[in-house]
Each structure stands twice: as structure tokens, then as C-alpha cells.
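Undergrad: Below is one structure. I have some questions about it.
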Ligand SMILES: Nc1nc2c(c(=O)[nH]1)N[C@H]1C(S)=C(S)[C@@H](COP(=O)(O)O)O[C@H]1N2
Ligand SMILES: [Mo]
């Protein structure tokens with residue numbers, strides 16, 4: 486049966502198998518990294534248009550255009566939050582400042598301790614994909630990814646690394662941290678793409 490779109494005043498519709506969560510739980514693998522501003526940099530590398538690596542230290546990154554987006558947040562463990570306001574630097578801004586070569590099809594977003602998530606370039610260029618530094622006007626806490634975490638509202642939240650340190654432009658797809666450990670290569674919650682065994686030919690490199 487086709488579900489009606491959510492109407493004003495009604496609870497927004499959630500992707501299949503998800504439930505609304507009050508509050509904001511902390512979910513990640515491994516320890517929370519310590520932020521060392523003097524060592525921190527945000528690096529865009531791989532198949533850039535000019536062949537070079539683009540770097541911003543924390544002061545420079547903080548000076549990039551600040552925008553806000555409103556989006557949902559869906560964890561594959563089935564909790565969701567809706568209409569969250571995120572502030573930071575949009576993926577589109579990063580793509581403009583550090584353009585990819587024309588052959589780029591995917592990106593790998595890298596975080597502290599080698600956590601990574603791969604995205605199709607077409608997911609990364611979404612209007613509401615954002616390197617968030619703030620949530621509802623407040624700086625992120627350490628557990629939630631301070632100083633920078635990626636948010637891609639239309640994908641499961643594991644596709645949004647906390648403690649981001651870099652973006653690698655790729656000319657072919659490669660699986661990231663959870664994608665190598667049995668999670669779906671694309672991770673669209675509306676299609677309930679949770680696990681790698683649900684993948685169809687063309688969804689990504691085989692496990
Ligand atoms: N670096 C890093 N980022 C990560 C993870 C992780 O283990 N390490 N877990 C992901 C998962 S599965 C989820 S649901 C969200 C949780 O974000 P939160 O703790 O701010 O709610 O972060 C994502 N980003
Ligand atoms: Mo998650």
C-alpha cells in the first residue's frame with residue numbers, strides 16, 4: 486500500500502523498521518579521540534582536479550562559510566531522530582573549494598583512528614550533506630564528533646563519520662569501515678539497505 490506523505494501537524498514518517506528516539510544517544514566503535522588543534526587538519530586528497538592535496542587547519546576550517554541544514558538521522562540499530570538542525574560546512578562548499586577530477590565517482594570520508602565511510606559522489610553532492618560543527622546552534626560535544634562530523638541525512642548514520650579528518654576523491658568504489666564488515670555499500674534507509682547480503686549487482690564492490 487502506498488503511504489501518504491507526512492502532513493503538517495502529524496508525526497513525520499520514518500523509514501521502514503525505524504523508531505523515534507528521544508534524546509541523542511552516542512554510538513560509535515572505539516574510543517573518543519582527543520582533539521589537538523595544533524595537529525588537526527582537514528585534508529582533501531586523491532583525484533583532485535589540480536592533482537594536489539588541499540588542507541585547512543582548524544582556524545582556517547572554522548573560517549569557511551557556515552551554513553545550516555535540517556535533516557533526519559537514522560541509525561541502522563533502528564533509532565531515528567527527525568528535523569535536526571546541523572550547522573557547518575556543506576559538502577558542496579568543500580567540492581567547490583577543492584574540486585574533484587572529472588573521473589571521480591566516489592568519495593571516502595576518513596576520520597580519526599582510520600574510521601572511514603564510502604559514498605557515491607551523487608550522495609556526497611546532496612544539498613544537505615554537511616560537515617557539521619554544530620547541532621541546534623551548539624558546538625558538537627566530543628562524543629558526537631567534535632570538531633567536525635559528516636551528516637548525510639538521506640543515508641544511514643554510519644555513513645557520517647565523527648571526528649572527520651579528510652576526504653579522498655576516488656575514481657572507483659571501495660568499501661569503508663562498516664561496509665567491509667557486513668553493512669550495505671549504499672545504505673539508503675528508505676530502501677532499508679542495512680546489510681551487505683541485501684546488495685544487488687551494481688551496488689558496490691563485493692565483500
Ligand atoms: N568515527 C566514527 N564515526 C561514526 C561511527 C564510528 O564508529 N566512528 N559510528 C557511526 C554510527 S553507526 C552512527 S549511528 C553515528 C552515531 O552518531 P552519534 O553518536 O553522534 O549519535 O555515528 C557514525 N559515525
Ligand atoms: Mo549507527
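Residue numbers (my numbering): 486 to 692. All C-beta atoms, glycine included, are put in the ideal place defined by N, C-alpha and C.
When you compare each of 526, 533, 553 and 552 to residue 540 by their alpha carbons, which one comes out closest?
TA: The alpha carbon of residue 540 has as its nearest neighbour, out of 526, 533, 553 and 552, the alpha carbon of 526.
Undergrad: Short of 7 Å in beta carbon distance, which residues of its chain neighbour residue 510, apart from the five on each side in sequence? Order them along the chain.
TA: 564
Undergrad: For residue 538 and residue 530, which I take to be in contact (beta-carbon distance under 8 Å), what is that distance rounded to the nearest angstrom?
TA: 4 Å
Undergrad: Here's a check: name, in chain order, each residue in its chain whose Cβ is nearer than 8 Å to the Cβ of residue 599, leaving out the five neighbours to either side.
TA: Taking residue 599 as the centre and dropping the five residues before and after it, the same chain places the C-beta of 662 closer than 8 Å to its C-beta, in chain order.
Undergrad: Measuring straight from C-alpha to C-alpha, what distance separates residue 612 and residue 533?
TA: 21 Å
Undergrad: Strictly closer than 6 Å from CB to any heavy atom of ligand 2: give me those residues in the order they appear in the chain.
TA: 512, 560, 561, 562, 642 and 643
Undergrad: Can you give me the Cβ contacts of residue 689 inside the same chain, cut-off strictly under 6 Å, excluding the 5 residues immediately before and after it?
TA: 658 and 670
Undergrad: Kindly indicate the opening and closing residues of the beta strand (DSSP E) around residue 602.
TA: 601 to 605
Undergrad: Which residue marks the beginning of the beta strand (DSSP E) containing residue 653, and which one marks its end?
TA: Annotation: the continuous beta strand (DSSP E) that includes residue 653 extends over 649 to 655.
Undergrad: When we look at the beta-carbon of residue 694 and count the other beta-carbons within 10 Å, is it buried (16 or more) or exposed?
TA: Past the edges of the chain, shown from 486 to 692, lies residue 694, and the structure says nothing about it.
Undergrad: Could you compute how far the alpha carbon of residue 572 sits from the alpha carbon of residue 667?
TA: 31 Å
Undergrad: Check whether the Cβ atoms of residue 654 and residue 585 sit closer than 7 Å, and answer yes or no.
TA: Closer than 7 Å, so yes.
Undergrad: Taking the continuous alpha helix (DSSP H) assigned at residue 543, which residues delimit it?
TA: 543 to 547
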